[in-house]
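Peer 1: Each step along the sequence shown adds one to the number in UniProt numbering, with nothing skipped, and position 214 is 214.
No residue lacks a Cβ here, since even glycine has one placed at the ideal position from N, Cα and C.
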Amino acid sequence: MVRRGVRKKNGGEEPSQKQEVEVNNRDSRKLYEMIKHRNSTSKKTQRIGNKRWETYYTELFREEKEITGRKKEKVELKDSNNEDDAPSYDEYMEVIAQLKTKKAAGPDQISNELIKQGGHELLSRVYRILVAVWQSETMPEEWRTGLLIPLLKKGDPTQCNNYRGIMLLNTTYKILTSIIRKTLTEHTETKLREYQNEFRKGKSTIDAIHVISQIIEKSYEYDIELYILFIDFKQAFDNINRRSLVEQMQQMKIPEKLIKLTKMTMDNSKARISTTEGVTNEINIERGVRQGDALSTTLFNIALDGAIKAAGLDRAIAITTKRTSGYLKQRYSEKLQGQEEQKKGNAED
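#1: Pick out whichever of M266, Y89 and R128 has its Cα sitting closest to the Cα of L299.
#2: Can you list, in chain order, the residues of its chain whose CB lies under 7 Å from that of V95, leaving out five sequence neighbours each side?
#3: Curious, which full-length beta strand (DSSP E) runs of at least 3 residues does the region 182-248 contain?
#4: State yes or no: is the beta carbon of D293 nearer than 9 Å to at least one beta carbon in chain C?
#5: Under the three-state reduction of DSSP, which class applies to V289: helix, strand or coil?
#6: Start and end of the beta strand (DSSP E) containing R149?
#7: Mind checking which residues open and close the beta strand (DSSP E) that includes I115?
#8: Between the region 211-222 and the region 281-298, do at least 3 Cβ pairs fall closer than 8 Å?
#9: Along the chain, where does the beta strand (DSSP E) that runs through S88 open and close?
#10: Quick one: grab the DSSP three-state call for R4.
#11: Measuring straight from C-alpha to C-alpha, what distance separates S269 and D223?
#12: Excluding the 5 residues preceding and the 5 following W134 in the sequence, name in chain order all residues of the same chain whose CB lies nearer than 6 Å to its CB.
#13: Just curious, the beta strand (DSSP E) that K103 is in, first and last residue?
#14: On a Cα-Cα basis, can you pick out the residue from N112, L152, E121 and L169 that is closest to residue 351?
#15: Where do the ends of the beta strand (DSSP E) carrying G165 lie?
#16: Alpha carbon to alpha carbon, what distance is there between P107 and R272?
#17: By a C-beta neighbour count over all protein chains shown, 10 Å radius and 16 as the cutoff for buried, is K322 buried or exposed?
#18: Return yes when the Cβ of I302 is within less than 9 Å of the Cβ of Q235, no when it is not.
#19: Determine which residues share a DSSP beta bridge with S274 and list them.
#20: In angstroms, rounded to a whole number, what distance separates the CA positions of K100 and N50?
#21: Kindly give me the distance between the Cβ atoms of residue 362 and L192, rounded to whole angstroms, as I take these residues to be in contact under 8 Å.
#22: Could you tell me if T275 is buried or exposed, where buried requires 16 or more neighbouring beta carbons within 10 angstroms of its beta carbon?
#23: Does the Cβ-Cβ distance between M93 and L123 come in under 9 Å?
#24: Take L295 and list the residues in its own chain whose beta-carbon comes closer than 8 Å to its own, dropping the five residues that flank it on each side.
#25: Suppose you measure from the CA of K218 to the CA of K260; what does that come to, to the nearest Å?
#26: What is the DSSP secondary structure of T320, reduced to helix, strand or coil?
#27: Nearest by alpha-carbon distance to N241: which of E54, K257, R52 and L60 is it?
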């Protein structure tokens, strides 16, 4: 028997596989400890210097050039006029109660456990800070910078694009964005189209996959031509155009207060990268939504909804738990009905 390389020792898993397990277990603290241990004990695992990481992520997060012929219009936001009041203390405490333990702290080194167990005085002071940020629509500069940890997915460890970046953010910032997300979701849930099943409460991609499986099965049974397009969004969260995202939020008639707060979280965002050589200088993040940010999944759904609408596909496709879109349902039903009638006719003959 020929052994396939020496990638596992004593029956253990590869370091990247172990890290992936902790990602799936949502234990970011243990994951961060594993990465720090790996970096301090073996520099052969990751042969990429600080300068290369800075260059790679600077290019990745650089704002894309405007499409030729499209005018770059300034996005203007109206005065909020207090249309959304600051969150109540009870709403704030609901978010605190939902903070998960065993999560790695951000650059401020304040853990979720410290906030939850810090007592009434600490909780009250944090709440007052969040209310001030909400009302002024400006946040501390420290909240704009996250710690980016490259996690090897697979392949050559010397290639930057074989890594997935995990962003560690300040806990107080994440509390704020969790509150914003809760309010934002209340406004977007009824406006997002039915075809989006991921990152939505009460929906699941498993149901959508079941619907597709049934369509494939029936198409094969009735000999109907079927074409299915699968799109792999490469670095989907990192490639969202922030200007277009704000425009889409305006088109969805989301309250200006929420748009301003969302824009505040994205403006002048930065990151430092944790590598085998230490921590890099700050780099600017000019596009995309940050991994680990509570707002990311909701903002991704908004951006995707706008992209599908702009492509003219919003009336043609939908695989949902409740129903398929009118267009798809009608066309497919007509096909099945025609095949059924043809089969009956052949049987009578």
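Peer 2: So, from the listed chains and residues:
#1: Each of M266, Y89 and R128 was checked against the Cα of L299, and the nearest Cα belongs to M266.
#2: Counting only residues of its own chain and dropping the five nearest sequence neighbours on each side, V95 has a CB closer than 7 Å to the CB of I175, S178 and I179.
#3: Whole beta strand (DSSP E) segments, 3+ residues: zero.
#4: As a matter of chain content, chain C is missing from the structure shown, which is built from one protein chain.
#5: Reduced to three states, the DSSP call for V289 is coil.
#6: Checking the displayed sequence, the identity of residue 149 turns out to be Ile instead of Arg. T145 to L152 is the extent of the beta strand (DSSP E) around I149.
#7: The continuous stretches of beta strand (DSSP E) do not include I115, which lies in the alpha helix (DSSP H) extending over residues N112 to K116.
#8: Result no; under three Cβ-Cβ pairs closer than 8 Å.
#9: Per DSSP, S88 belongs to no beta strand (DSSP E) and is neither H nor E.
#10: Unreliable placement is indicated for R4, whose pLDDT of 44 sits below 50; no coordinate value is reported for it.
#11: C-alpha of S269 to C-alpha of D223: approximately 53 Å in a straight line.
#12: The answer, listed in chain order, is A86.
#13: Counting along the chain, K103 sits inside no beta strand (DSSP E), nor does DSSP assign it H or E at all.
#14: Here the chain comprises residues numbered 1 to 349, so residue 351 is not present and cannot be evaluated.
#15: Per DSSP, G165 belongs to the beta strand (DSSP E) from Y163 to L168.
#16: In this structure, the CA atom of R272 is about 9 Å from the CA atom of P107.
#17: Only weak support is given to the placement of K322: the predicted model assigns it a pLDDT of 48, under 50, and the value that follows is read from those uncertain coordinates. By the neighbour-count rule (16 or more Cβ atoms within 10 Å), K322 is not buried but exposed.
#18: Not in contact: Q235 and I302 (Cβ atoms no closer than 9 Å).
#19: Here S274 is bridged, per DSSP, to V279.
#20: Roughly 32 Å between the two C-alpha positions.
#21: Here the chain covers residues 1 to 349 and nothing more, so residue 362 does not appear.
#22: Taking all protein chains shown into account, T275 has 16 or more neighbouring C-beta atoms within 10 Å of its C-beta and is therefore buried.
#23: Going by C-beta atoms, M93 is nearer than 9 Å to L123.
#24: Within the same chain, and ignoring the five residues on either side of L295 in sequence, the residues whose Cβ sits closer than 8 Å to its Cβ are T177, I180, R181, L184, T262, T265 and V289.
#25: Their backbone Cα atoms lie some 48 Å apart in a straight line.
#26: The predicted model places T320 with a pLDDT of 47, which falls under 50 and marks its position as unreliable, so this point remains unresolved.
#27: Among E54, K257, R52 and L60, the Cα nearest to that of N241 belongs to L60.
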